[in-house]
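Peer 1:
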Amino acid sequence: MIHPSQSDDQNHHSRLLALLAVVTACLFILSLFVGSNPIPVLAAMMDAAGDTQSIIALILTEVRLPRALIALVAGATLGVCGATMQGVLRNPLASPGLVGSASGAALGASLTLYSGIATSFWLALPAGGMVGSLLATLLVYTLAGRAAGTATLILAGVAVNSIALALISLLINLAPSPYAVREIVLWMLGSIANHSMADFWIMLPGTLLGWALLTGTGHSLDALTLGEETAHTLGVNLDRLRWRVFIAVALAVGSAVSITGAIGFIGLVTPHLLRPLVGFQPGRLLLASALGGAILLLCADIGVRLFPAGTEIKVGVLTSLVGAPFFLFLIVRSRRWQT
Amino acid sequence: MNLVEASGISLSLGGQPILHGISLQLQAGEMLGLIGPNGAGKSSLLKIIAGIVKPAAGSLLIDGCPLNRLKDQARARSIAYLAQSGTAHWPISVARIVALGRLPYLGSWRSASLEDRRIIEQALQRTGLLALAERPFPTLSGGEKARVLLARALAVEPKILLADEPVAALDLSHQLEVMDLLRQHCNDGGTALVVLHDLRLAAHYCDRLLLLYQGRTLDSGIPESVISDNNLQRAYGIRIRRKGGSLMDAFALTWSKTGDQAGSCGSD
Amino acid sequence: MDLYHIEDLSLYLLLPPASRSDRMIFPSDAKILSYECSAPVRFFYLLISCLVVLSAQAGAPPSRVVSINLCSDQLLLMLAKPEQIASISRLSLEPNSSFMAASAARYPVNDAMIEQLLGFNPDLVLASEFSPHPVIRILRHLGYRVETLPLSSTLEDIRRNIRFTAALLHTEEKGERLVAEMDRRLEIVASNSTQARPSALFYQPRGYTSGLETLQHEALLLAGWRNLSAEHGIRGYGAIDLETLLLAKPQQLFSSAYAPGTDSLAQRQMHHPALNLITRGRPIINVPYKYWICGGPMIANAVELLAKARPDAAPHTTGIKSE
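Those protein sequence lines, which keep their order, are chains A, B and C. So the number in the working numbering is just where the residue sits in the first sequence, counting from 1, plus 6. So the number in the working numbering is just where the residue sits in the second sequence, counting from 1, plus 57. So the number in the working numbering is just where the residue sits in the third sequence, counting from 1, plus 11.
(1) For a contact defined as C-beta to C-beta under 8 Å, what are the partners of Leu288 of chain C on chain A?
(2) Using 8 Å as the threshold, is the stretch 220–239 of chain C in touch with the stretch 290–307 of chain C, meaning 3 or more CB pairs across them?
(3) Ile105 of chain B and Ile154 of chain B - do their beta-carbons sit closer together than 8 Å?
(4) Using the C-alpha atoms, what's the distance from Ile269 of chain A back to Leu264 of chain C?
(5) Take every Cβ of the stretch 215–224 of chain A, pair it with every Cβ of the stretch 157–174 of chain A, and state whether three or more of those distances are shorter than 8 Å.
(6) Please report the straight-line C-alpha distance between Asp245 of chain B and Asp264 of chain B, rounded to a whole angstrom.
(7) Where Tyr262 of chain B and Leu76 of chain B are concerned, what is the direct C-alpha to C-alpha distance, given to the nearest angstrom?
(8) On the three-state DSSP scale, how would you describe Pro331 of chain A?
(9) Can you give, in chain order, each stretch of the beta strand (DSSP E) that sits fully within the stretch 79–153 of chain C and has at least 3 residues?
(10) Would you kindly work out how many angstroms separate the C-alpha atoms of Met58 of chain B and Leu239 of chain B, rounded to a whole number?
(11) Please state whether DSSP places Arg273 of chain B in a helix, a strand or coil.
(12) In chain order, what are the residue ranges of uninterrupted beta strand (DSSP E) at least 3 long that sit wholly in the stretch 136–168 of chain B?
(13) How do the stretch 225–244 of chain A and the stretch 58–77 of chain A stand: do at least 3 beta-carbon pairs fall below 8 Å, yes or no?
(14) Within 10 angstroms of the Cβ of Met124 of chain C, are there 16 or more other Cβ atoms? Answer buried if so, exposed if not.
(15) Express the C-alpha separation of Trp236 of chain C and Pro209 of chain C in angstroms, rounding to a whole number.
(16) Tell me whether the beta-carbon of Gly81 of chain A lies closer than 8 Å to the beta-carbon of Leu303 of chain A.
(17) Does the beta carbon of Pro46 of chain A come closer than 8 Å to any beta carbon on chain C?
(18) If you measure from the beta carbon of Thr266 of chain A to each beta carbon in chain C, is any gap under 8 Å?
(19) Could you check where the beta strand (DSSP E) with Val252 of chain B kicks off and where it finishes?
(20) Comparing the C-beta of Tyr138 of chain B with each C-beta of chain A, is any distance below 8 Å?
(21) Return the Cβ separation of Gly322 of chain A and Leu195 of chain A in integer angstroms, given the expectation that the two are a contact with Cβ distance under 8 Å.
(22) For Thr224 of chain A, which three-state DSSP category applies?
(23) Using a C-beta to C-beta distance shorter than 9 Å, which residues of chain B count as neighbours of Arg96 of chain A?
(24) Is the stretch 206–220 of chain B close to the stretch 174–192 of chain B, with three or more CB pairs under 8 Å?
(25) Find the residues of chain C that neighbour Leu119 of chain A, judging by a C-beta separation of less than 9 Å, and give them in chain order.
(26) Along the chain, where does the beta strand (DSSP E) that runs through Leu68 of chain B open and close?
(27) Name the chain A residues whose beta carbon is nearer than 8 Å to that of Leu135 of chain C?
(28) Answer with yes or no whether the minimum CB distance from Ala389 of chain C to chain A is below 8 Å.
(29) Give the range of the alpha helix (DSSP H) segment to which Ala157 of chain A is assigned.
(30) Which of helix, strand or coil does DSSP assign to Arg217 of chain C?
(31) How many angstroms separate the CA atom of Ala85 of chain B from the CA atom of Thr248 of chain B?
(32) So Leu163 of chain B contacts chain D; which residues on that side make the cut at Cβ distance below 7 Å?
(33) Just how far apart, CA to CA, sit Leu124 of chain B and Gly71 of chain B?
(34) Please list the residues of the stretch 106–132 of chain B that have a C-beta atom closer than 8 Å to any C-beta atom in chain A, keeping them in chain order.
(35) Between Tyr147 of chain A and chain C, is the shortest Cβ-Cβ distance under 8 Å, so that the two count as touching?
(36) Taking just the CA atoms, how far does Arg248 of chain A sit from Thr158 of chain A?
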């Protein structure tokens, strides 16, 4: 006899993924319809498809499409990286933002940008982000230790984030460009406005490579539920897994952040919202969190475009405004568990 | 052929010697009890055989093949390890935890097949957990948790089962239940190496005992020969007060289960 | 130069939100571009300038003039006799923003620090409305004569500032000559203009543009363009988002690179492919910032450049000296 719940469970999971995918697709299309000016999007699509270079087609393909694509890919990256880090560190507060991967990426990217290295070859900017992200992640991991508790990990993350922020400030004040000084907000809070398809192509290779490295880690993350030693006896090579995850996160987050800045809290919040829906299983959380992250960032980006504040606010402002209270809620809840 | 053949195993951690030249053999159908006082090196020896810790010296053959030449997956299929006071980091359901035992057979991509599900089902049934299959792990009692983790190890269908204090923190009835399951595993052609503190359970269930003291083998053999006044005096610093009869009478298991709960299976 | 950025940041934060704009990207002097001056204030300045002119003519010409602002530097360097100039601000040496950078190199520079200024023992200090207020207050308190130049956002403002400064320096004739020369050049441009006004937009990194009451607006109109930013209701220096810009369909984009050869997210935005597509491949034309970052007769250079960029500008009708 086969326990009925197991095949039900599989169906339930497939339905969840399908639902998330449909919502993502709808939001992606919706985000093409929302902008500072109402344009006839369907007519614009016809124009764009028919090679008519009308203004509306131009707005659709050169302004809204890159923005929606960047929101999709950056959101998915943050979501899946948050879920993976929480799984591999078995810590519900691990995420690219808190562990320093994102601010390290911002530091690396701004270093290449303001020093002028970024103009030398087109992958220089994301490469800077990747190196920064990897170094920051490894630094936090080394500082906190292998079996870090939540508090240690957060403290190490706070320290590395502060160092990154200070170095970015220093860098920006020393930058030869007069525009640099205002851009610290972009790096630390994140924005996906005013990007072109070129920016999207710059961030795409690293994120795809990172995603590719993360696929297939699901079973290993499941095994880690039972602790590192038991996972090892289930055939998981932990050293290889950790390096694989850290490098994947560096590639993906480094590339995304070098274009969007460190968009806060998507990586933390997404896995938490979805975990109960996948039965708390870390492996199943990955794909769900990728879709969930894309959904959250697309929503936030549509939100800032609808925000009635004259000039558009940065998308990172919105995600942080929503995410930070959620973070506090997590802390309060975990404190209640401890007592 | 011996399923496990270890000889001359030594280990130091941080310059501190932990184990000196330990040798042991495990044959199919055999249950070996690992006893000794705290800090004798029992858990370390178990972790070495599980492949978690690399020994400083010595050779270790699993089914005739050196452990370090075994692929991760092959090793994971032959050896299951039940950690001391193991736990789950997320509030996953019982069925999902037991299903983790099938991971060595899945690779990176495949999800559980019908055969896998049948084995998971069987493990749940043998441990009497079918009714609890959908319960989240943290809501279980200590005894239930221990049985879930044992079911997870059984779901591996390993030849070699390594259990580190599997009955610690269990009540008398659950202790018997878990030990019965381990015994059953051996009777089905597997072998088990079990760290035990309760010498009565060790004497009752195990075919042979290995007594460790300060990282060395103090004695090994059948329970009647290992549990001796001299050994107890040297290893634990205790003397047994006898109310007549032999020493082994003092370590007789004087209780048994009454109910015919699922998972119980008389063995001897 | 970084010092200026930091000052800009603090100043920016002190300003009331309504007047906040992108002035931060400019060195401190350029803030005037966006300052919006109400009618009574303008009248007040006019009154003051009349009084100053009257009183100045009474005494001897100033002989140790110190200027602490890029824009007053420019007029001082144009109008004063060399021996009258004691010091100019450091930014005047910066060739991208200072039209008079070459002649500025001959004079001692200052950073508008009070101790430094006292060292020159000036008999006249020239500042702008946006110069640091504490410095001006202390100088006045110590008995130094400080004159602040109001901003200029129109041609009339420029003429008034030239005459005002010339009066302070007792070089009125030179002032009139500068005004006449500027007007002559602008007249040539105006006479060559046709009725049709093509549309243009001044576009800066981070999407900033110049609307009504800016020198850029004035210059675009004088050169025969329409300023789309002004038509979209932008006053002073304000942001325009990319979609609105594209829908406005400018025929030509102008920009003023402040720090060529540097990189930032803001500057990268200028390379957005949509900008190139909207103007049908016509690249953004760079107007040297020194022509219109400050109000002065060099606005004629900007206007000539803008007029030459008009699609209908025929080579034989320009009569403009080549750049």
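Using N, Cα and C, we set each Cβ at its ideal position, and we do this for glycine too.
Peer 2: This is what the structure holds:
(1) Gln59, Leu64, Glu68
(2) Because the criterion of three Cβ pairs below 8 Å is met, the stretch 220–239 of chain C and the stretch 290–307 of chain C touch.
(3) no
(4) Cα-Cα distance, rounded: 32 Å.
(5) The way I'd put it, the stretch 215–224 of chain A doesn't touch the stretch 157–174 of chain A; fewer than three beta-carbon pairs between them come closer than 8 Å.
(6) 15 Å
(7) 26 Å
(8) Three-state DSSP puts Pro331 of chain A in a helix.
(9) 96–100, 135–139
(10) 21 Å
(11) strand
(12) 136–139
(13) no
(14) exposed
(15) 5 Å
(16) Yes, they are a contact pair.
(17) no
(18) When Cβ-Cβ separations below 8 Å define contact, Thr266 of chain A makes no contact with chain C.
(19) 248–252
(20) yes
(21) 3 Å
(22) The residue you asked about is not Thr; residue 224 of chain A is Gly in the sequence shown. Gly224 of chain A: helix per DSSP, three-state reduction.
(23) Listed along chain B are His146, Trp147, each with a C-beta nearer than 9 Å to that of Arg96 of chain A.
(24) yes
(25) Asp274, Ser275, Leu276, Arg279, listed in chain order.
(26) 61–70
(27) Going along chain A, no residue has its Cβ under 8 Å from Leu135 of chain C, so there is no contact; the nearest lies around 30 Å.
(28) Examination of residue 389 of chain C is not possible in this model, given that chain C is present from 12 through 334 alone.
(29) 156–180
(30) If DSSP states are grouped into helix, strand and coil, Arg217 of chain C belongs with the helices.
(31) Distance between the alpha carbons of Ala85 of chain B and Thr248 of chain B is about 5 Å.
(32) The structure shown contains no chain D; the protein chains it does contain are A, B and C.
(33) 23 Å
(34) Ala107, Gly108, Ile109, Asp129, Gln130, Arg132
(35) no
(36) 18 Å
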